[in-house]
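This report concerns only the one structure given below.
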Amino acid sequence: MRATVVVDNRKSDALPGEWGLCIYIEYGERKLLLDTGASELFAENAEKLGLDLSAVDAAVLSHAHYDHGNGMEAFFRRNDHAPFYVGPTCAANCYAGRWLFRRYIGIPPTVLSDYSRRIRYVREKTEIFPGVTLLPHSTPGLQQAGRREHMFRRVGGRWQPDDFSHEQSLVLETEEGLVIFNSCSHAGADNIINEVAAAFPGKTVRAMIGGFHLYNKSEAEVKTLAQKLEATGVAYICTGHCTGPEAYELLARTLGRRLHPLQVGLTMEF
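If you're matching positions, the sequence shown starts at 45 in the numbering used here and goes up one per residue.
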């Protein structure tokens, strides 16, 4: 398995970045795309990296936020066949803010209807190819996380704290163990690792890759997560995007050589 970071907050010397994430994954003969960043930058970077978007066999939206789904329409224009897998409650209804001052942070408003024949909703653990599984959240009480983050969904004309039921993990089986991709880990990176471990009994989680949404967390919260991640025993943790540089440095104090930074152009092989 080979995964290439196409978009991340951290640019490379040759390629620009943005607040968003996109990862191109080659798994045996299959080619997968996780997220499409916040703009068409992912397509420009993919071309420069020699990655063929028209050859992608399946695309996955980690969750229904703009910085992961704003490039969806650009992907559909470049690929005429790949199904696009989204979470069970994925909709254009995500907002952030306090009181009446809430701004829209969701995916393009009409993309799910405009490309409905390509959209696949994942409501339970689903193997889309041999060794490639999508896993919605099973951790209870995630509305508390949405309330803490001041994130909401507009459902049936009413505001609800986001329970991140539109968020899903992409899990790949390798000879070294399970590799998890979860782009923002709103449910908590430690919870996600535990969800995957429970869904694949008897298998080892080798790697956790994605953003951890720590850029707005206190030092104490970051240190607590670092201890929880250390306790999981996961040997390879690669994070960036919404983790934030300050939080990354705090994580590194506990996780040491287990921790690696995401960056545009980074290639990971398992």
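Just so you know, even glycine gets a beta-carbon here, dropped at the ideal spot from N, CA and C.
Requested in this report: For the segment 226-244 and the segment 273-287, state whether three or more C-beta atom pairs, one from each stretch, are separated by less than 8 Å.
Outcome: Using a C-beta cut-off of 8 Å, the segment 226-244 makes contact with the segment 273-287, since at least three inter-stretch Cβ pairs fall below that distance.
Report task. Look up V266 in the DSSP assignment and say whether it is helix, strand or coil. Result -> helix
Query raised in the report: Do the segment 237-252 and the segment 173-185 make contact, defined as three or more Cβ pairs closer than 8 Å?
Result: Inter-segment contact for the segment 237-252 and the segment 173-185 is present: three or more beta-carbon pairs are separated by less than 8 Å.
Query raised in the report: Excluding the five sequence neighbours on either side, which residues of its own chain have a C-beta within less than 7 Å of the C-beta of E274, listed in chain order?
Result: Within the same chain, E274 has close Cβ partners T298 and L299.
Query raised in the report: Quick one: is N260 buried, meaning 16 or more other Cβ sit within 10 Å of its Cβ, or exposed?
Result: exposed
Query raised in the report: Taking the Cβ atom as the reference point for each residue, do A82 and N123 lie within a distance shorter than 8 Å?
Result: no
Query raised in the report: Should T248 be labelled buried (16 or more other beta-carbon atoms within 10 Å of its own) or exposed?
Result: exposed
Query - Test item: CB-CB of Y129 and L95 under 8 Å - result: no
Query - Contact test: D101 Cβ vs the ligand FAD heavy atom, cutoff 7 Å - result: Inclusion of the ligand FAD in the displayed structure is not the case, the ligand content being empty and no account of it being possible.
Query raised in the report: Looking only at its own chain, which residues have a Cβ that is under 6 Å from the Cβ of N285, when we skip the five neighbours before and after it?
Result: Asn is not the amino acid found at residue 285; the sequence shown has His there. Only D52, N53, L65 and G255 meet the Cβ criterion.
Query raised in the report: When you compare each of A140, A136, L310 and M252 to T276 by their alpha carbons, which one comes out closest?
Result: Answer by Cα proximity: M252.
Query - Local conformation of T298 per DSSP, three classes - result: helix
Query raised in the report: Between T268, E313, L269 and H257, which lies nearest to P289 when the distance is taken from Cα to Cα?
Result: H257
Requested in this report: Within its chain, find whatever has a CB closer than 6 Å to the CB of E313; leave out the 5 residues flanking it on each side and keep chain order.
Outcome: R46
Requested in this report: Could you name the residues of the same chain whose beta carbon sits closer than 7 Å to that of I149, not counting the 5 residues immediately before and after it, in chain order?
Outcome: H109, Y110, C138, Y139 and A140
Requested in this report: Would you list the residues sitting across from T283 in a DSSP beta bridge?
Outcome: G254 and P305
Query raised in the report: Which residues in the same chain have their Cβ closer than 6 Å to the Cβ of I224, if we skip the five residues on either side of it in sequence?
Result: So the qualifying residues of the chain are S213, V215, V240 and M252.
Requested in this report: Could you round the C-beta distance between V266 and K55 to whole angstroms and report it? I think they count as a contact, below 8 Å.
Outcome: That belief does not hold up - the Cβ atoms of V266 and K55 are roughly 24 Å apart, past 8 Å.
Query raised in the report: Under 8 Å, do A118 and E91 count as touching if we go by C-beta distance?
Result: no
**Report entry** Identity of the residue in R250, H125, P132 and F120 nearest S209 by Cα
**Finding:** P132
Query raised in the report: Measuring CB to CB, does D79 end up less than 8 Å from S229?
Result: no
Query raised in the report: Do the CB positions of H194 and R142 come within less than 8 Å of each other?
Result: yes
Requested in this report: Over the uninterrupted alpha helix (DSSP H) stretch that includes R122, give me the two end residues.
Outcome: M116 to R122
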